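Okay, so here's the structure we're looking at.
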Amino acid sequence: MTTDRLDAFEENRTRMFSLAYRMLGEAAEAEDVVQDAYLRWAASGPVDVPAAWLTRVVTNLCLNRLTSARARRERYVGPWLPEPVFTEGGRLGPLETAEQREAVSLGMLVLLERLTPAERAVFVLREAFGYPHAEIAEVLETGEARVRQLYRRARQHVAEERRRFTAEPGRHEEIVRRFLAAAAAGDVAELERLLAKDVTAWGDGGGVVSAGRRPVHGADKVARLVAGLLRHPLAPRMAFGIEHVNGEPAVVTRLEGALFAVVCLDVTEEGRVAAVRSVVNPAKLAFAEGQAEGRGGQGEGQV
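Residue numbers (full-length UniProt numbering): 1 to 303.
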């Protein structure tokens, strides 16, 4: 492979990973897709527009993987959550606007699981990357009318469950800090004040690490659950901090330096926590742990 072709691929690497991750919700799988795309790129002939060619390849590789991924998730023990990704280093591309941050949040990725593979591809290409319908039709090798229909259905499915989390970044981080402080103090009353009445908490342990196998609903129950987690026998050996995960501040827990849990909060514009998503399955944290090692270990805000 010539240097120019290699450079063209590397210029698109972050974008390809961002696309694959949004399609699959699994960082390790997204990395595999990028590697497969590289092999196809290396074996291909001249390409007029590398970005368009690679987008088509990555999208179709993801579509092929989504069917088997859904089968695996149906057999998953307990709630399934996406793999968290540290985003301060730009791993998922630009996250400068509220829309860009929401598009990659764990909450949105969970909603995308409700779409068919084709609906998800159209929704991601349109919402996250701004592709016009005609170009999406070229990527999927289908008609523009079908793309419009798929996009309309995808928006309807997402809108049925979607709550707009429009808290400003500074406000969001303030709520996360208050949540962490209240949890560390075991202050159930303060936690209840921070939680929306209809809040839901999910824990993804994958049957490997102890975590609730069913969602917990209601401010009182979730507050007691969160306060109880800080009484875990390993808690004295843990460090708790706040880092940016999937475009938003999240609670990050490390056990003697190793990543142990990532807790992401959906915060409404009223400053209430509407959802708590905790990822503790070590397999789900492997990618983020590799990111942390590459950054030199722990992030800021440790307590």
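For each residue, glycine too, the CB sits at the ideal point set by N, CA and C. Note that the structure is predicted; figures quoted are calculated from it, not measured.
Under the three-state reduction of DSSP, H157 is assigned to helix.
A contact is defined here as three or more CB-CB pairs under 8 Å, and the region 243 to 262 fails this definition with respect to the region 5 to 20.
In the displayed model, G130 falls within coil according to three-state DSSP, outside both helix and strand. By the neighbour-count definition (other C-beta atoms within 10 Å, threshold 16), T55 is a buried residue. Excluding residues up to 5 positions away in sequence, P82 and L109 lie with their Cβ nearer than 6 Å to the Cβ of G25 in the same chain. By the C-beta density criterion, A235 is exposed, having fewer than 16 other C-beta atoms within 10 angstroms.
Going by C-alpha positions, A103 is about 11 Å away from M23.
Of V222, L63 and A201, the smallest CA-CA separation from S278 is found for A201.
Here the region 142 to 154 makes no contact with the region 177 to 194; the two share fewer than three CB pairs at distances below 8 Å.
Looking at the backbone, the Cα of P169 and that of T142 are separated by about 39 Å.
Non-local C-beta neighbours of R120 in its own chain, meaning closer than 8 Å and more than five positions away in sequence, comprise M23, L66, L112 and A154, ordered along the chain. Annotation: the continuous alpha helix (DSSP H) that includes W53 extends over P50 to E74. Per DSSP, reduced to three states, the secondary structure at W80 is coil, with no helix or strand assignment. For P249, the secondary structure class from DSSP, reduced to helix, strand or coil, is strand.
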